[in-house]
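Chains as they are written, first to last, in our numbering: chain A, 1 to 454; chain B, 1 to 193; chain C, 1 to 548. Cβ atoms here follow ideal geometry from the backbone N, Cα and C, with glycine treated the same way.
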Amino acid sequence: MADFLTRHTKDPAQKKLDTARGRGAYEGFRRALAMSRQEVVAEIDASGLRGRGGAGFPTGRKWSFIHAKEGQSVYLLCNADESEPGTFKDHHLMTFDPHLVLEGVAVGAYAIGAHRAYIYLRGEYASIAETLAAALREATAAGIIGQSCLGSGYDLSVGLQLGAGAYICGEETGLIQSLEGKRAYPRVRPPFPAVHGFLREPTVVNNVETLACAARIMAEGAEAFARLGTRQSAGTKLISVSGAVERPGVYEVEMGYPLMQFLSHEAGGISGGRRLKAIIPGGTSVPVLTAEEAAPLTIDYESMLSAGTMLGSGGMIVFGDGTSMPHALLRIAEFYAHESCGECTPCREGTGWMAWVLRRLLAGEGSPGDLGLLLRVGDNIEGRTICGLGDASVQPVRSFIRKFRQEFEALAPLPVAFPAWQLHGHGPRTGRFGPPVEEAAQSQPVEGPPDYVL
Amino acid sequence: MAKTASRVIDVRAEAERKSAGLRSTTGTLAGLEVTLRNMVRPQHVTIQYPEQRKAYSRRFRGVHVLTLREDGSLKCTACYLCETVCPAQCISIDAKDVDDPRIEKAPSRYEIDLARCIFCGFCVEACPEEALIMSREYDLAVTARDPETLTYGIEDFTERPQIAFYGAGFRPHPEYPLVESYVPGERDGTPER
Amino acid sequence: MPIVTIDGRQIEVEPGTSVIQAADQLGVEIPRFCYHPDLEPEGNCRMCLVEVDGFPKPVVACATPVVDGMVVKTPHTSPVASRAVRGVLEFLLVNHPIDCPICDKAGECSLQDFYMHPDYGQHRSHVDSKEKVHKAKRVDLGPRIVLDAERCVMCSRCVRFSENVTGYAELQFIRRGNHVELVSFEEQALQDPYAGNFADICPVGALLSRDFRFKRRVWKLDYTSSICAGCSTGCNLRIDHYDGHIERLIPRRNPDVNRSWLCDEGRLSYKQLAMAPRVTHPEQDGEKALWVKVTAAADERLRAATLGKGLPLAALASASATNETLWLFRRYVEAAFPRHLLEFRLAQETEAVRERQDKLLRRIDKHPNTMGALHLGYTAGMGLEGLAREAEAGRLGALLMLYYPPLVGEESEETKDRIRRLLELAQESVLLTTHHLPYLAGAKILLPVAAWSEEEGTYTNYRGTVQHANGAVGSPSAARPAAEVLGDLMRQATYGRPETEPGRVFAEIAEKVPAFRGLRYKELASRLATAYPPEGRMPYGKDGFTGH
Chain A
1 MADFLTRHTK
11 DPAQKKLDTA
21 RGRGAYEGFR
31 RALAMSRQEV
41 VAEIDASGLR
51 GRGGAGFPTG
61 RKWSFIHAKE
71 GQSVYLLCNA
81 DESEPGTFKD
91 HHLMTFDPHL
101 VLEGVAVGAY
111 AIGAHRAYIY
121 LRGEYASIAE
131 TLAAALREAT
141 AAGIIGQSCL
151 GSGYDLSVGL
161 QLGAGAYICG
171 EETGLIQSLE
181 GKRAYPRVRP
191 PFPAVHGFLR
201 EPTVVNNVET
211 LACAARIMAE
221 GAEAFARLGT
231 RQSAGTKLIS
241 VSGAVERPGV
251 YEVEMGYPLM
261 QFLSHEAGGI
271 SGGRRLKAII
281 PGGTSVPVLT
291 AEEAAPLTID
301 YESMLSAGTM
311 LGSGGMIVFG
321 DGTSMPHALL
331 RIAEFYAHES
341 CGECTPCREG
351 TGWMAWVLRR
361 LLAGEGSPGD
371 LGLLLRVGDN
381 IEGRTICGLG
391 DASVQPVRSF
401 IRKFRQEFEA
411 LAPLPVAFPA
421 WQLHGHGPRT
431 GRFGPPVEEA
441 AQSQPVEGPP
451 DYVL
Chain B
1 MAKTASRVID
11 VRAEAERKSA
21 GLRSTTGTLA
31 GLEVTLRNMV
41 RPQHVTIQYP
51 EQRKAYSRRF
61 RGVHVLTLRE
71 DGSLKCTACY
81 LCETVCPAQC
91 ISIDAKDVDD
101 PRIEKAPSRY
111 EIDLARCIFC
121 GFCVEACPEE
131 ALIMSREYDL
141 AVTARDPETL
151 TYGIEDFTER
161 PQIAFYGAGF
171 RPHPEYPLVE
181 SYVPGERDGT
191 PER
Chain C
1 MPIVTIDGRQ
11 IEVEPGTSVI
21 QAADQLGVEI
31 PRFCYHPDLE
41 PEGNCRMCLV
51 EVDGFPKPVV
61 ACATPVVDGM
71 VVKTPHTSPV
81 ASRAVRGVLE
91 FLLVNHPIDC
101 PICDKAGECS
111 LQDFYMHPDY
121 GQHRSHVDSK
131 EKVHKAKRVD
141 LGPRIVLDAE
151 RCVMCSRCVR
161 FSENVTGYAE
171 LQFIRRGNHV
181 ELVSFEEQAL
191 QDPYAGNFAD
201 ICPVGALLSR
211 DFRFKRRVWK
221 LDYTSSICAG
231 CSTGCNLRID
241 HYDGHIERLI
251 PRRNPDVNRS
261 WLCDEGRLSY
271 KQLAMAPRVT
281 HPEQDGEKAL
291 WVKVTAAADE
301 RLRAATLGKG
311 LPLAALASAS
321 ATNETLWLFR
331 RYVEAAFPRH
341 LLEFRLAQET
351 EAVRERQDKL
361 LRRIDKHPNT
371 MGALHLGYTA
381 GMGLEGLARE
391 AEAGRLGALL
401 MLYYPPLVGE
411 ESEETKDRIR
421 RLLELAQESV
431 LLTTHHLPYL
441 AGAKILLPVA
451 AWSEEEGTYT
461 NYRGTVQHAN
471 GAVGSPSAAR
481 PAAEVLGDLM
491 RQATYGRPET
501 EPGRVFAEIA
511 EKVPAFRGLR
521 YKELASRLAT
531 AYPPEGRMPY
541 GKDGFTGH
């Protein structure tokens, strides 16, 4: 258990500015203000901090992309639209240590030269809005945020915006559109937000945890952060674990911490004394891992990547023995179908289609070939959408079907390669998409057309 | 051309060679036989039309019929496919909105100039709804020459008593039953008088 | 300038050009729904996916700017792009009702065209109609547009047009995922005076013109390129007609004049042609007459009333006439009547020709050829009121008038009164016009001429751009193009043997009038602005852009 970020979150008094300042809050910001912008960016770069929202892009590099032209304003947007299923780490941070988040926003804004920053808060987090607003009032009253922050001559105003509860608002450009008061339709890139972002000005969008890390790095120095974790994944990570574990919740672990140890120690083991069946390590948008695959892994970016999945947002969902994976997948697919913004065609139609096929399968009305159809629809979505939601919706479908194939095949047999009689048009009448059910059940699934190879 | 077969037989020449001697006589006799047979077996080859009428095939392409839904409205959706396909360009349609929200449109005018119609049945084949079929009605003699006389409209294609009298003719999918109400008064069998 | 290779063909384009624009310049078809040359790219339909060397996955051609040395492969040559586009098209058809036989867009629908195309088509569907998402059908969006939300492909062309072009911003999507649905603001009727364009830019049958709906299947139509006669903007349009009846007017794309748009008034201006009964035969003192007799009589009586008495002729032409007609009108008057007052404005709205009515296309001056009349030497003169005073005082011998009723709006009551009064006061009057209108009843000799949609010629718009219009339909009965009538009048008393064929008249104008110098009729007629969607995909290979 590490406590780089969550050192003080157990104390309810941490919400108060006085208590927090007594424990060193805003010292990082003070230190940053004493440095030049480039030095702050270099410091963050040196710490090896990577984005905690899911993609893991180096934060220092992201900030260094900002080159404001004459007359342009720069914006920092804090992405607090934590809507990835299974993720609630930012919730924890914002509820129990709002000043750390504000400090992170201030540091980030200073580093990119923004004089305006917005915290885009998820609509369902209305209670946090009050906490953050109170913290913001306190910090403004104390002269930390506002005109001439901490007497440095640097002006910063921070706004708080509540979303209306759409998954797509957590997507960078979707968030920007929503903040502009438009429908949260992601924008086509290029141009990237670093060039054309909020109000067509250079913009950086950072996750809550990332900014909190930045604040702590400025307070303790890049060295302190880089010492933690592995060589390529520095620091600590907040893991929100849910599902079939004894003690679900938010835990901070050092990068490189063994996954199984985390499950058995921090999370208290699989609930009901069951065995681990599968685990989604970073929110539903990353591929699922079987228990065997998960066993040797550690919690960091490279280890997860080596197993073909991603650390993502750290929203860990644990499945115990006896969970029906098709049912779990249907739930996930329905989430994406419901949350697809409907802007671009593949995601709009594809997510709904996949959910609909799964529903049909689970209702016992599946046809042979439905699994192949699911995979093919997934292939047609992936890489052809404007934003990452399309790709995200495909990952669970593809990994669930590949890794828990028997469970899905029990619902509908996979298509066999074309038998000769089908080519010649003779033989028994078939179902809609394949050979009669009995025959398909007897035949061995063979290497079918390339799309369907599992 | 490479020689592959040992002998090429010209079948027709062979047959002619074989029958050449006999044909001049047997051919004549065969013809005479038909004549003689019909001479001694008297039968009517003509009928007393219009008092008597011939029974025509169920695939006969006679005057068109516009079929109806169960509720008595036209099945036609005014898609103009019949008008488009018509080689004689004798069909003209106007469409209108209808109250039923499930139905996009219906014809407000549906006219076929039967004087120009060639009864090819393309319109019936083009119809995606079996809204247009053909009847076995064939006698279209009129006494006036103005073009209106043989230009039939919706009422003519749905409500004329002749439709029931002649019955349904050509339609592309006879394997499906023709619901009674599709064709007003449709009776099975052929009218005989 | 960057050089880009598309399907093995190279083209040099302006920096900042998108791949799809480069392909359009090359003539390589890239399928698209959301891209429109006069709207900002949005990149949401994903139909224009192309393979670009060096990119890991297909990119959208509409939002990808070309860089030098870029190698692009479209679905025509790239299996990767073809597979991507097929996938997208399949998605689009998942919830589409596929009701082409009863859809008015059938025949000019992009979805239909792409589906039939061997490189994009996906000839299968895995979804039954009962499993489709159902949305609102036959939504009333006011007097111009009917919406069928099920047919919508969510390309957002209409939303962007409404927001960025006219600024009314009346359309938006609601809901999410495959339940996304197009609605108007608070589900009210559209207020937009350019609402008719929604039906043009909609690539599918979702937004349909209420005026054209159910009227005629598009493959039955004949197309004629023309110029809108509704105001002095001179929008390029296409007259779609069948069997001698105009069925609709739709804009042709001309980036310099009207881009791809047309106002609703112009779009419906053809209906004004049926506002009153047409003049079908020449009339002399209220009696029908034959052309051969009536032209002789007209010329004779005009001369008798003017030359005989030493009084001037008042010659009033309409700014709605073509340049060719105006030229012949002037030549006739100048040749036959040494004393004449040559005017063209009916009301005294002298400066209105350039004034805008709104920020997009419409202008105050509702005559298509005011600028042409000015260039051809017509003046505002003393106006109707002044002429009436002259006539009252007996200082006017006769009146020769060429009058076309306006196609947009109506003549003001004041102007009507003035015309009526002038015709009553004139001792002798010859009127060339198209319609029987109450305020024109006083004319002694009435000569029927062809209306705007029936004659060929050129119009000069407010900016001085000379544009060519074709005649689409025939004139009723004995009506003839005004140029021919004027030619006959001239021949009557051998004032000359003028050419009346528009091309030759124009050549004469180009020779003698500075404003027309250097222009060639054939070039004007062939420089037909392109229509959008890209031409060449006309139903049954009909080419509507070569004119008739």
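Return the chain-ordered ranges of every beta strand (DSSP E) run that is complete within the segment 160-231 of chain A and spans a minimum of 3 residues. Runs found: 203-207.
Rounding to the nearest angstrom, what Cα-Cα distance links Leu141(C) and Glu42(C) in this structure? Leu141(C) and Glu42(C): Cα-Cα distance of roughly 24 angstroms.
Leaving out five residues on either side along the sequence, give the residues of the same chain with a beta carbon under 7 angstroms from the beta carbon of His424(A). Residue placement at His424(A) is flagged as unreliable, the pLDDT there being 37, under the threshold of 50; the coordinate-derived value follows with that caveat. Within the same chain, His424(A) has no close Cβ partners at all.
Mind reading off the beta-carbon distance from Ala426(C) to Pro448(C)? Whole number of angstroms is fine, and I expect it under 8 angstroms. Contact between Ala426(C) and Pro448(C) is absent: CB atoms are separated by about 20 angstroms, not below the 8 angstroms threshold.
Rank Asp146(B), Cys127(B), Arg145(B) by C-alpha distance to the C-alpha of Arg171(B) and give the top, closest one. If we check each option's Cα against that of Arg171(B), Cys127(B) comes out closest.
Identify the residues that DSSP records as bridge partners of Asn236(C): which are they? According to the DSSP secondary-structure assignment, Asn236(C) is paired through a beta bridge with Ile227(C).
Could you please tell me which residues of the segment 212-227 of chain C, in chain order, have their CB closer than 9 angstroms to any CB of chain B? Of all residues in the segment 212-227 of chain C, those with a C-beta nearer than 9 angstroms to a C-beta of chain B are Arg213, Phe214, Lys215, Arg216, Arg217, Trp219, Lys220, reading in chain order.
Could you check whether the Cβ of Ala337(A) sits closer than 8 angstroms to any Cβ belonging to chain C? Chain C contact via Cβ: present.
In terms of DSSP beta bridges, what is Gln272(C) paired with? In the DSSP output, where bridge partners are listed per residue, Gln272(C) has none listed.
Once DSSP output is grouped into helix, strand and coil, what is the label at Asp140(C)? If DSSP states are grouped into helix, strand and coil, Asp140(C) belongs with the strands.
Which residues in chain A sit within 9 angstroms of Met116(C), going by Cβ to Cβ distance? None at all; the shortest Cβ gap to chain A is about 19 angstroms.
Assuming Lys135(C) and Glu181(C) make a contact with CB atoms under 8 angstroms, what is their CB distance in whole Å? About 5 angstroms; that satisfies the 8 angstroms criterion.
Does DSSP put Gln162(B) in a helix, in a strand, or in coil? Taken through DSSP and simplified to helix, strand or coil, Gln162(B) comes out as helix.
Please compile the residues from chain A whose C-beta is within a distance smaller than 8 angstroms of the C-beta of Met154(C). Result: Gly342, Glu343, Thr345, Arg348.
Chain C contacts made by the segment 379-395 of chain A, where a contact means CB separation under 9 angstroms: Going along the segment 379-395 of chain A in chain order, one finds Asp379, Asn380, Ile381, Glu382, Gly383, Arg384, Thr385, Ile386 with a Cβ nearer than 9 angstroms to chain C.
Using the three-state DSSP reduction, which class does Arg345(C) fall into: helix, strand or coil? Of the three classes helix, strand and coil, the one that applies to Arg345(C) here is coil, per DSSP.
Tell whether a beta-carbon distance below 8 angstroms holds between Leu374(A) and Ile401(A). Contact annotation: Leu374(A) and Ile401(A) have beta-carbon atoms nearer than 8 angstroms.
Do Tyr75(A) and Gly197(A) have their beta-carbon atoms positioned less than 8 angstroms apart in this structure? For Gly197(A) and Tyr75(A), yes; Cβs fall inside 8 angstroms.
Report the residue ranges of all beta strand (DSSP E) runs contained in full by the segment 81-166 of chain A; include only those spanning at least 3 residues, in chain order. You should have 116-121, 157-162.
Who are the near neighbours of Glu339(A) in its chain, counting only those whose CB is closer than 6 angstroms to its CB and skipping five residues on each side? Tyr167.
By how many angstroms is the C-alpha of Val473(C) removed from the C-alpha of Leu268(C)? Leu268(C) and Val473(C) have their C-alpha atoms roughly 16 angstroms apart.
Residue nearest to Glu12(C) in terms of C-alpha spacing, selected from His36(C), Gly69(C), Val60(C), Ser184(C): The option with the nearest alpha carbon to Glu12(C) is Gly69(C).
For the segment 221-230 of chain C against the segment 259-268 of chain C, do three or more pairs of beta-carbon atoms, one drawn from each stretch, fall closer than 8 angstroms, so that the two count as touching? Contact between the segment 221-230 of chain C and the segment 259-268 of chain C is established, with three or more Cβ pairs separated by less than 8 angstroms.
Could you spell out the range, first to last residue, of the alpha helix (DSSP H) harbouring His436(C)? Annotation for His436(C): no alpha helix (DSSP H) segment contains it, and DSSP assigns it neither H nor E.
Extent of the continuous beta strand (DSSP E) to which Arg59(B) belongs: Where Arg59(B) is concerned, there is no enclosing beta strand (DSSP E), because DSSP gives it neither an H nor an E.
Ala307(A) and Glu292(A) closer than 8 angstroms at C-beta: Contact annotation: Ala307(A) and Glu292(A) have beta-carbon atoms that are not nearer than 8 angstroms.
Contact with chain A by Val183(C), beta-carbon distance below 8 angstroms: Val183(C) does not count as touching chain A.
Cβ-based contacts, 7 angstroms cut-off: residues of the segment 101-123 of chain B near chain C: Against chain C - using a Cβ distance shorter than 7 angstroms - the residues of the segment 101-123 of chain B are Pro101, Glu104, Lys105.
So, under 8 angstroms CB-CB, Asn258(C) and Thr233(C) are touching, yes? Tell me the CB distance rounded to an integer number of Å. Yes, Asn258(C) and Thr233(C) are in contact; Cβ-Cβ is about 7 angstroms, under 8 angstroms.
Can you list, in chain order, the residues of its chain with a C-beta nearer than 6 angstroms to that of Glu171(A)? Leave out the 5 residues immediately preceding and following it. Same-chain partners within the cutoff: Pro186, Cys387.
In chain order, what residues of the same chain lie with their CB nearer than 6 angstroms to the CB of Glu390(C), ignoring the 5 residues before and after it? Counting only Cβ-Cβ distances below 6 angstroms, and skipping sequence neighbours, we find Leu396.
Which chain B residues sit within Cβ distance under 9 angstroms of Ile364(C)? Residues of chain B passing the Cβ test: none, with the nearest at roughly 37 angstroms.
Less than 6 angstroms between C-beta atoms, sequence neighbours within five positions excluded: which residues of the same chain meet that for Gly48(A)? Shown here for Gly48(A): same chain residues with a beta carbon closer than 6 angstroms to its own, the five before and five after excluded, namely Ala226, Ala234 in chain order.
Which residue's Cα is closest to the Cα of Gln357(C): Val408(C), Ala335(C), Gly394(C), Glu392(C)? Of Val408(C), Ala335(C), Gly394(C), Glu392(C), the residue nearest in Cα terms is Val408(C).
Beta strand (DSSP E) segments (min. 3 residues) lying fully within the segment 170-209 of chain C: Within the segment 170-209 of chain C, the runs of beta strand (DSSP E) that reach at least 3 residues and sit entirely inside it are, in chain order, 171-174, 181-184, 207-209.
Taking just the CA atoms, how far does Leu330(A) sit from Phe433(A)? Confidence at Phe433(A) is low in this model, with a pLDDT of 39, below 50, so the placement of that residue should be treated as unreliable; the coordinate-derived value is given next. Taking the straight line joining both Cα atoms gives about 22 angstroms.
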